[in-house]
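Colleague:
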Amino acid sequence: MTFLKGRSMLWLLVPATFAIAYWWDRSTELKPEFVEVSTNPDYYLANTETVEFDDSGQLQRSFTTEKTLHYKDIMQTHLLKPVMRFNDDQNPSWTVSSEKAISNELSEQLTLEGNVTIELERQPTQSNAVLTMPILKIDFASETAFTDEPIELIDGRFRMTAKGMQADLRTNNIEFLSEVFTEEL
């Protein structure tokens with residue numbers, strides 16, 4: 677009978693071991709990485725170019741990017757090295773470029789970051805005007821652009837620096853906010 681007593685003790689140890697292991701391990705199961713929104717776009721495009729013409733067939737706008745990533749869950753489009761060109765027969769052409777940009781679809785805002793450059797291309801006899809800043813935010817709903825960062829405008833023989841800017845895109849008015857300084861080059 678001592679043989680049966682040893683076996684019954686063994687049968688009690690097996691369930692006790694599983695119960696202790698279950699209560700001991702209170703860790704939560706980690707989510708797989710592929711579920712995270714910020715690292716997985718629903719589509720991406722490489723080396724894109726969009727060209728828009730007016731009714732007479734003249735080039736009106738063009739837009740190029742090195743890479744475009746769209747995130748459906750957060751309603752954002754991330755752009756790498758965007759370049760936008762605006763052509764008009766009556767007005768000079770504009771080129772806007774930056775290292776990266778984020779377009780928020782819900783708020784209709786575009787944030788350009790990293791060496792933001794706006795260049796006004798003039799006649800061959802005049803030099804181009806170049807406006808640079810680290811960050812520029814454009815609100816398409818109100819048709820305004822703004823930054824609180826330092827800016828620099830070089831126009832021919834003049835250089836102007838300031839801190840902060842607001843621009844009304846409907847009237848083409850730019851207001852420099854503070855620390856405005858102009859010098860001749």
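Sequential numbering from 677 applies to the sequence shown in my numbering. A virtual CB, placed ideally from N, CA and C, is assigned to each residue, including glycine. Nothing here was measured: the structure is a model prediction, and the numbers come from that model.
Based on the DSSP secondary-structure assignment, which residues constitute the bridge partners of A843?
Modeller: A821, I850
Colleague: Go ahead and label L735 buried or exposed: buried means 16 or more other beta carbons lie within 10 angstroms of its beta carbon, across all protein chains shown.
Modeller: exposed
Colleague: Less than 6 Å between C-beta atoms, sequence neighbours within five positions excluded: which residues of the same chain meet that for L829?
Modeller: L807, M836, listed in sequence order.
Colleague: Whole angstroms is fine: what's the gap from N780's alpha carbon to E725's?
Modeller: Cα atoms of N780 and E725: separation of roughly 20 Å, rounded to the nearest angstrom.
Colleague: Whole-angstrom Cβ separation of N716 and E742, contact assumed at under 8 Å?
Modeller: Actually they do not touch by this definition, with Cβ atoms about 19 Å apart.
Colleague: Should A843 go down as buried or exposed, given a rule of 16 or more other Cβ atoms within 10 Å for buried?
Modeller: buried
Colleague: So Q736 is in the beta strand (DSSP E); what residue range does that whole segment cover?
Modeller: Its beta strand (DSSP E) spans residues 735-747.
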